[in-house]
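K.L.:
Residue numbers (the working numbering): 1242 to 1600.
#1: Please classify residue 1357: does DSSP put it in a helix, a strand, or coil?
#2: Here's the rule: buried if 16 or more other CB atoms are within 10 angstroms of the residue's CB, otherwise exposed. What is residue 1275?
#3: My guess is that residue 1393 and residue 1576 are in contact by the Cβ rule of under 8 angstroms, so how many angstroms apart are they, rounded?
#4: Whole angstroms are fine: how far does the CA of residue 1444 sit from the CA of residue 1404?
#5: With a threshold of 7 angstroms on Cβ separation, who are the neighbours of residue 1509 within its own chain once the five nearest residues in sequence on each side are excluded?
#6: Using C-beta distances below 7 angstroms, list every residue in its chain close to residue 1462, excluding the 5 sequence neighbours before and after it, in chain order.
#7: Thinking just about the alpha-carbon of each residue, which of 1292, 1300, 1273, 1367 is nearest to the one in residue 1261?
#8: Quick check on the burial criterion: 16 or more other C-beta atoms within 10 angstroms. Buried or exposed for residue 1413?
#9: Which whole-angstrom value is the C-beta distance of residue 1369 and residue 1424, which I expect to be below 8 angstroms?
#10: Ignore the nearest five residues each way along the sequence and tell me which others in residue 1431's own chain have a CB closer than 6 angstroms to its CB.
#11: Going by DSSP in three states, residue 1253 sits in which element: helix, strand or coil?
#12: Taking its Cβ as the centre, do 16 or more other Cβ atoms sit within 10 Å of residue 1530, making it buried, or is it exposed?
#13: I believe residue 1358 touches residue 1415 by the beta-carbon criterion, under 8 angstroms. Please report the beta-carbon distance rounded to the nearest angstrom.
#14: For a test of the three-state rule: what should DSSP assign to residue 1309, helix, strand or coil?
#15: State yes or no: is the C-beta of residue 1574 within less than 8 angstroms of the C-beta of residue 1332?
#16: Since residue 1463 is in the alpha helix (DSSP H), which residue starts that stretch and which ends it?
#17: Would residue 1483 pass as a contact of residue 1558 if the rule is Cβ separation under 8 angstroms?
#18: Is the CB-CB distance between residue 1572 and residue 1339 below 8 angstroms?
#19: Would you call the stretch 1445-1459 in contact with the stretch 1514-1533, where contact means no fewer than 3 C-beta pairs closer than 8 angstroms?
#20: By Cβ distance, which residues of its chain are closer than 6 angstroms to residue 1361, with the 5 residues on each side in sequence left out?
#21: Quick one: is residue 1344 buried, meaning 16 or more other Cβ sit within 10 Å of its Cβ, or exposed?
#22: Threshold first: 4 residues or longer. Then list the alpha helix (DSSP H) segments lying entirely within the stretch 1498-1586, N to C.
#23: If we ignore side chains and look at the alpha-carbon of each, how far apart do residue 1409 and residue 1494 end up?
#24: Between which residues of its own chain and residue 1600 is the CB-CB distance below 6 angstroms, once the five residues before and five after are set aside?
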């Protein structure tokens, strides 16, 4: 942090907060609200408010303690570093949001089982964080590049696992790839701050840390919003194709239950309509009015049992194939993180406290 306390730039805080709120709030709430006009108006206004913030900070004398010292962006390590932070963080909430939805809504995992499935990732992160914090002073920017590589390999492994196992994927199937991805996350996140701030003067450390944190939060919000929109779009657009893979089995089960042909056709048509509506809903697990619930207990009759089983299978296929595709966003985020890290100047990060003593 900065060596001396500074006064709060109240006007700068208000302008920056307004500009960021105009961008982040619509991104977070837009999907739930159905992207009404106000979301686009707010996002369109945000760049102008943020530009006003830059102009205000530039005009403010240094003795007035500006909220952000724009001179920081003339430091190559910091300029590239804030971009790395935003891109890297963009993939984290997006991954856990979509994957948790797939496990719980698509595959029917309980919240406890879904959480336990993530444990190998956490273990890998803990191990790599302890190791990378001590390797960073020697490896510098290569720590971030190596960690990004582990993340890319881990996520590609998850994609391959989903492609092979599909709706039959289990928590055990994901252990190796989750552990590798966790190693990557821990390798990057532990030394990231030190690597980026290595070239920042001590007097500007407080301002630099604040800017870095803001870019990370902004990256996370934008990444989650973009991936969320595309993900729900995939669920909806893939629904007709997924339905065609389960309707033959549904028709056979209904015929075996001696359902008359006319009623059979009507049941299949109603099933298709209900599934399309469910896949297009903000919450795909919700019960659509006039449609059977897929989360209820034992079915009342063979027809309901067959339609509920078909709906669960279709939902699982829709989620697994959609997540399989959406994870390429994470591959892109973390591959770009690795590439950008190579642009950092050759400045080694400061060792973590106690590193020398421990050695």
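Beta carbons: idealized from backbone N, C-alpha and C, even for Gly.
P.N.:
Looking at the coordinates:
#1: helix
#2: Burial call: exposed.
#3: 5 angstroms
#4: 51 angstroms
#5: 1488, 1491, 1492
#6: 1265, 1268, 1269
#7: Nearest of 1292, 1300, 1273, 1367 to residue 1261, Cα basis: 1292.
#8: exposed
#9: 4 angstroms
#10: 1370, 1373, 1374
#11: Assignment of residue 1253 by DSSP, reduced to helix, strand and coil, places it in the helix class.
#12: exposed
#13: Rounded, the Cβ-Cβ distance is 6 angstroms, consistent with contact.
#14: coil
#15: Yes, they are a contact pair.
#16: 1446-1497
#17: yes
#18: No, the pair does not count as a contact, with Cβ atoms beyond the cut-off.
#19: no
#20: 1416, 1419, 1420
#21: The C-beta of residue 1344 has 16 or more other C-beta atoms within 10 Å across all chains shown, which makes the residue buried.
#22: 1502-1521, 1543-1582
#23: 21 angstroms
#24: Annotation note: pLDDT 39 at residue 1600 (below 50); position unreliable, no value reported.
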